[in-house]
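Q:
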Amino acid sequence: MQLPVQSQSTLYAEGWEAEAGPEDLLEIARAADRSGFAYLASCDHVGIPRRLAAAMSTVWYDPVATLSFLAAATERVRLLSHVAIVGLRHPLLTAKQYATLDHLSGGRLVLGVGAGHVQEEFEALGVDFRQRGAVLDESLDALRAALGPEEFPEHHGKLYDFEGLGQRPRPAQDRVPLWVGGSSPAAVRRAALKGDGWLPQGDPRDRLPAQIARIRELRERAGVQGAFTVGAITEPLYVGEPGWDVGRRTLTGGAAELAESLRAYRAMGVHQIQVRFRSRSRTELTDQIAAFGAEVAPQL
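This is the structure we're talking about:
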C-alpha cells in the first residue's frame, strides 16, 4: 500500500490526514507489517508550484527519510519508492541514499523510479524537463552499476561518467529491484526493457491486459531474461459494509466478495496489487488493514 499522510493530493487524501503526523505513520506502518502486507510506498516531489498546489497540495514527505524512519519500526515489510524521480539527482547521490536505506533495513528496499511530470521542479534544480525520458533511461543503467556489488562502481554514458569512487555501505541485497512507474508507451517500454517490474499509473482494469501483453512482447522480442513483477493499483477498498459514503468506485463487502473481485487481477497476469482503503481516522484505517490482512489476503 501507498502510505497515507506522506503525500496529500486531493485525488486520494482523506480529511483526517491533514492533521496527522509521524506517530500516525508509525502506527499505520506497524499495522501493515503485522498484517502481512508486501510493501509500504512513499512518493517523491521536491517542490510543488503554486499553479498545482490546490490540487496536489504541498505535503510530500521525502521518501528516503520517510522509509528510513519506518524501517526501524518494522520488521519484514518491504520499502518502496513509488516513485523516485531519479532524474532530479545524480545517480551516485541516489545510490548513496538508497543503498544506505537497503543496508539499514536489512535488504528491504524496492526502488521504484519514474520520469516526473512537474516542469517547475526540473527547472528549479537545473535539469532539462524535455530530456527527462532520456535522463531516466541512462539513470537506470547508472543505478544498476551504482547499486551493484562493487565498492567502486563504474558507468560511462552520455550524461553520467564515473569510476574510482568508493561507496559503502553496499546494499544488503545482491540485486536491488528496480520497478519502473508510468503508463505511457515510453514508460511501458522502459519498464519492459530496463526494469525488474512495472508500476502502472492509473490504468483501469480494462487497460491492463493490453499493457501487460505489450510488456511481454517487448521483453520476448529483445530477449530480456529474469523475473519481472507486474503491479496494479486497485480501486479504493472498504472491508465490510460502510455506514458512510465511500464513493461509487469503492469496492465494498465481505472478505469473500472482495477477494473474488481482486483475483481478477491475478487472472490478467498481475503479480502484486497496491490497495488504498477509505477511512475517516487512523484507527479506522488500521482496522481496515488488519481486516484485509486477516480475512481477504489469505484468499488471494
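Mapping of the sequence shown onto full-length UniProt numbering: position 107 corresponds to residue 107, and the numbering continues sequentially without gaps.
Backbone N, C-alpha and C fix where the C-beta goes; we use that ideal spot for every residue, glycine too.
Tell me whether Thr66 is buried or exposed, calling it buried when 16 or more other Cβ atoms sit within 10 Å of its Cβ.
A: Position 66 of the sequence shown, counted from the start, is the residue given in the question as residue 66. With 16 or more other Cβ atoms within 10 Å, it is buried.
Q: Measure how close the beta-carbons of Ser279 and Gln288 come, nearest whole angstrom, since I'm counting them as under 8 Å.
A: For the purposes of this step, residue 279 is identified with residue 279 of the sequence shown, where counting begins at 1. For the purposes of this step, residue 288 is identified with residue 288 of the sequence shown, where counting begins at 1. The Cβ separation is near 6 Å, so the contact holds.
Q: Please say whether Lys96 and Gln173 have beta carbons closer to each other than 7 Å?
A: The residue labelled residue 173 in the question sits at position 173 within the sequence shown. The residue labelled residue 96 in the question sits at position 96 within the sequence shown. Not closer than 7 Å, so no.
Q: Please state the DSSP three-state secondary structure of Ser139.
A: Along the sequence shown, one-based indexing puts residue 139 at 139. DSSP places Ser139 in helix when its eight states are reduced to three.
Q: What runs of the beta strand (DSSP E), each 3 residues or longer, lie entirely inside the region 180-226?
A: 197-199
Q: Any idea if Gln6 is buried or exposed, counting beta-carbon neighbours within 10 angstroms, 16 or more meaning buried?
A: Reading the sequence shown from its first residue, position 6 is the one you call residue 6. Under this definition Gln6 is a buried residue.
Q: May I have the straight-line CA-CA distance separating Ala124 from Ala145, to the nearest angstrom?
A: Here the question's residue 124 lines up with position 124 in the sequence shown. Here the question's residue 145 lines up with position 145 in the sequence shown. In a straight line, the C-alpha of Ala124 is about 28 Å away from that of Ala145.
Q: Starting from Ala41, follow its DSSP beta bridges and name the residues at the other end.
A: Residue 41 sits at position 41 when you count from the first residue of the sequence shown. Answer is Gln2 and Leu80.
Q: For residue 301 versus Leu88, is the C-beta distance shorter than 7 Å?
A: Nothing can be reported for residue 301, as the shown portion of the chain is limited to 1 through 300.
Q: Assign Gly87 to one of three DSSP states: helix, strand, or coil.
A: Sequence index remark: in the sequence shown, residue 87 carries index 87 (1-based). Gly87 falls in the helix class under three-state DSSP.
Q: Using DSSP bridges, identify the partner residues of Trp60.
A: Stepping through the sequence shown from its first residue, residue 60 is reached at position 60. In the DSSP output, where bridge partners are listed per residue, Trp60 has Ser7.
Q: Do you know how far the Cα of Pro171 is from the Cα of Glu151?
A: Position 151 of the sequence shown, counted from the start, is the residue given in the question as residue 151. Position 171 of the sequence shown, counted from the start, is the residue given in the question as residue 171. The alpha-carbon atoms of Glu151 and Pro171 are separated by roughly 10 Å.
Q: Only counting the same chain, and skipping five residues up and downstream in sequence, which positions put a Cβ closer than 6 Å to that of Val135?
A: Residue numbering aside, residue 135 sits at position 135 when the sequence shown is read from its first letter. Excluding positions up to five away in sequence, the list reads Gly87.
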